[in-house]
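To start, the structure under review is shown below, and the notes come after it.
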Amino acid sequence: MNRSTVIWLVAILALGLLFWVGLPLLTNRPEPAPQDQPQAPATAAAPGQGSAPLGPAPAFELTDQDGNTFTSSELDEHVWIANFIFTRCASTCPVQTQRMRELQLVLQNSPVKDEIHLLSITVDPEYDTPAVLTSYANNVSADLDQWSFLTGSRETIWQLCQDFHLAVAEDPSNAAMPIAHDSKFILVDRNGQIRGYFDALTNDGLTGLQRTLDFVLPEMPTQQVAELASDTYDASGRTHLAQPPEIVHNHWIEKRVAAEAAALADSKVFHNFDFQNILDDSGIDFDPAIVDEQRWRLQVNHYDHGNGIAVADVDGDQLLDVYFVSQVGPNGLYRNLGEGKFENMTQQAGVSLPDRVGVSASFADIDNDGDADLFVTTVRDGNVLFENDGSGTFTDISQAAGVDYVGHSSAAVFFDYDRDGLLDLFVTNVGKYSTDEKVKVRLDGTSPISTGDFEYYLGTKDAFAGHLKPEQTEASILYHNLGDNRFEDVSQAMQLVDDRWSGAATPMDLNEDGWQDLYVLNMQGEDEYYENIQGQRFEAKGSQVFPQTSWGSMGVKWFDFNNDAKFDLYITDMHSDMSEDVDWTQETKKSNMQWPPPFLQSTAEESIFGNSFYLNQGDQSFEEVSDEIGAENYWPWGLSTGDLNADGFEDAFVTASMCLPYRYSMNSVFLNEDGKRFVASECALGVEPRPQGQRIAPWFELDCEGADRGNPICAGRSGQLTVWSALGSRSSAIFDFDSDGDLDVITSDFGSRPQVFASNLSEQVDALQFLQIQLQGTQSNRDALGAIVHVFTADGVQRSKVNDGQSGYLSQSRMPLYFGLGDNSEVQRIEIQWPSGKQQVVDGPIEANQTLTIEESVE
């Protein structure tokens, strides 16, 4: 199948096109050009064609071409196609075999190849021994991993023909075909039910086989549904469809795990530890719902970008708490009880916002009173600023503060651009991807929320062509902190009016003049770098410093990759990957861009179609080295960094997924090998793959004899349907949530529960060495956002970090800086450049394995 065609239909990135379960998987279709007008979705088969099982396929035990026993049980939970032939046949058999070979060739490039098995069963077993069948298979270049040639006793095989209701008989008078037999192909589904007989000798027969195969492939095995459905979901009496069909088994995962292990064996990076998902024991019961755009409406737009996760000590007990944002239903704030245990404190904190479509969250001390205040962005429900009273109880001060903007907001970045000691705020706005029609969220048996009346603004069908339409732009906002919890929009005054389709931004002192600059991402075009001119204005200089940027930028982090005291820039590109669907073997390559220049509004000279990594050359210039250092992955969203193995080099955790209607995808863990390259380690560390029962889940329900009768997914079907999706993460935060000295990871997943990964590094390394530094500004802002810290050890290594709070996609957190020290048991000295411009040195020796609070000196 031409899968890039399917991706055009979904992801010409909406240009009005829809993707429905059961698009033909085997038809080669020309690539459509981008359009603004919606097209009617394709269906798998004409209504009623191949929709009803004809009865169970008979069980059998035969011998394959290698002389091994082959039983029908080996085909359990697979779709299979069988026909009866014999090698001496000079009539229909050669045509049958050729048609089967043509089918296999088409399947070679299909993501469902491993879900389908082909059988050719001889009706002349006395002559067609395994050796004869092997020769016959080789002559037609059959791939024997997928296509089996079977023999056995004549009595058994002829009885099998009769059990399939196919005729077979001797016909000695016919020299070309001395054994008369039916030439039809038999299609059997994953539950062992016959779904049709097809005359493979005619074009109509082949077309019918193709359509019915496409129709049957998404149907999940009954046993698998029983194993995967939760105790709270009644899966009985329904047809269950996997979207796309390859998520039923995800056969490619084993190959992917083996490939990573082989590559990791050639690396020197320390990886003798792992993560365990302790969600069920953590006390975190957050289970978010999503709007209907990426559920039964299947309308592709920016609602699918998911939600953020933010971390801070909200109640002053020296333990880091976690705030999750939800699209539908309440957000969740969880108090850290220590040792990996949390409790829900949302209601008493007053930060649930149950009636708003949330996007992201940022913690920051906006009033310098020492506690973590909270800012939450929403989609057209008004952004919210909460003031913390110091005990973890919050008050909504949005309107009085002047930051209750209503629009399509995404990330919120706190930084002090004018060095007045108060944190200012930059809010990125994506663009107008919703209509003015407000609709209710459909709650069904798959929804984590069973009751409630939730509404949202229906998304547009052309959201991913929004960058072509000036009327759909929505400029981001720069707020100046005036003090007394009041903010003023100074975007115009500061000459920072950015109308990119932006989901994130990061502060960075690129020219090292002590003033915080700003890098603003564009998820549908070129990014921009704004230089801060001494707090008086911003000047766009992106084309000078970064002449080529990622086209579909999504996540960003400014950090020191190679410990040279110069900060580097890593950007993940999600949207370029949507131009072409690829298998796992192509995930570390740049996108083979399928969209034309008029849609991109960019050229290959201006854009990188994939992740980018800018290595700082020290003279305000950068070298893009993403491919050289192994920074590429597929469908990336969030980017968090931290020294996961405490060897002194910053590693990266990149959330990567798409969910419905795409295949399962893996989050990436890149371990940093001595500042030279990233080494993919997610499988070795236990982050991926998820356990078999946690990779897919029921996504939505349809009533094909009621309200959803006209839904294309219901074509040819009746009764109740449940559509299943792959699960996936959008955001993450890295911090030591169990206070054992190593860094753990919590993810925010799209439409499903988070993952809570506890590291066992401290148990695996006898002498784990680290230092955490908590900064406290006096002349600078209390959080010391913008400070740069250099840690020096006896081995001559200088470890440098910027305290920017940028803990991952769609979030800003208030956490201490974590320095892995490798084999060093102490630190010789610490140098700090405070946001105020003050330089401070803390002399050692400073013992490892502690959290050190450093207050900005007043001298």
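By full-length UniProt numbering, the letter at position 674 of the sequence shown is numbered 674, and the numbering carries on one by one without gaps. Backbone N, C-alpha and C fix where the C-beta goes; we use that ideal spot for every residue, glycine too.
| Query | Result |
| --- | --- |
| Boundaries of the beta strand (DSSP E) in which N672 is found, first to last residue | 668-673 |
| Separation of G503 from P221, as counted between CA atoms | 39 Å |
| Terminal residues of the beta strand (DSSP E) in which E855 lies | 851-855 |
| Any chain B beta carbon closer than 8 Å to R677 | Judged by its chain identifiers, the structure shown contains no chain B, having just a single protein chain. |
| Endpoints, the alpha helix (DSSP H) within which P507 is located | First-last for P507: 505-508, but that is the beta strand (DSSP E), not the alpha helix (DSSP H). |
| Residue closest to D795, alpha-carbon to alpha-carbon, out of Q812, E826, T572 | E826 |
| Beta-carbon proximity check, R392 vs V322, cutoff 8 Å | Arg is not the amino acid found at residue 392; the sequence shown has Gly there. It is not a contact, given that the beta carbons lie outside the stated cut-off. |
| Proximity of G808 and A733 at Cβ, strictly below 8 Å | yes |
| Extent of the continuous alpha helix (DSSP H) run through G205 | 203-216 |
| Distance, T460 Cα to L671 Cα | 39 Å |
| Between the CA atoms of A707 and D373 - distance to the nearest angstrom | 45 Å |
| Rounded Cβ spacing between F573 and S553 (contact assumed at less than 8 Å) | Correcting the residue type first, residue 573 is Asp in the shown sequence and not Phe. Confirmed, about 6 Å. |
| Reference L639; option with closest CA among E623, D647, F622, S657 | S657 |
| Enclosing beta strand (DSSP E) for N388 [first to last residue] | 384-388 |
| Q524, buried or exposed, once every other Cβ within 10 Å from all chains shown has been counted against 16 | buried |
| Beta-carbon separation (whole angstroms), L817 vs V797, contact threshold 8 Å | Their Cβ separation, rounded to whole angstroms, is 16 Å, which puts L817 and V797 out of contact at 8 Å. |
| Helix, strand or coil at F270 [DSSP, three-state] | coil |
| Residue of Y456, P172, V168, C161 minimising C-alpha distance to I186 | C161 |
| Per DSSP, the bridge partner or partners of V802 | I788 |
| Backbone CA spacing between E856 and D369 [nearest angstrom] | 15 Å |
| P636 and V625 closer than 8 Å at C-beta | no |
| Buried versus exposed, by CB contacts within 10 Å (16 or more), N522 | buried |
| Straight-line gap, D189 to S73 (C-alpha atoms, nearest Å) | 13 Å |
| Per DSSP, the bridge partner or partners of I186 | A82, Y197 |
| Rounded C-alpha distance that separates Q850 from Q772 | 6 Å |
| Stretch-stretch touch, CB-based, cutoff 8 Å, three pairs: the stretch 511-519 with the stretch 417-426 | yes |
| Touching by the beta-carbon criterion (3+ pairs, under 8 Å), the stretch 448-456 and the stretch 500-514 | no |
| Cutoff 7 Å; reference D444; Cβ partners in own chain excluding five residues on either side | F700, E701 |
| Short Cβ contact (8 Å threshold) for W551 with S491 | no |
| Start-to-end residues for the alpha helix (DSSP H) that takes in E102 | 93-107 |
| Validate contact between the stretch 214-233 and the stretch 197-206 using beta carbons, cut 8 Å, 3 pairs | no |
| Cβ neighbour criterion (16 or more within 10 Å) applied to A412 | buried |
| When G648, S148, L133, V132 are compared against H117, the one with the closest alpha-carbon | S148 |
| Where H408 falls, given that 16 or more other Cβ within 10 Å makes a residue buried | buried |
| Identity of the residue in L105, P845, D367, L761 nearest D740 by Cα | L761 |
| Nearest-angstrom Cβ-Cβ length linking Q327 and P288, presumed shorter than 8 Å | 7 Å |
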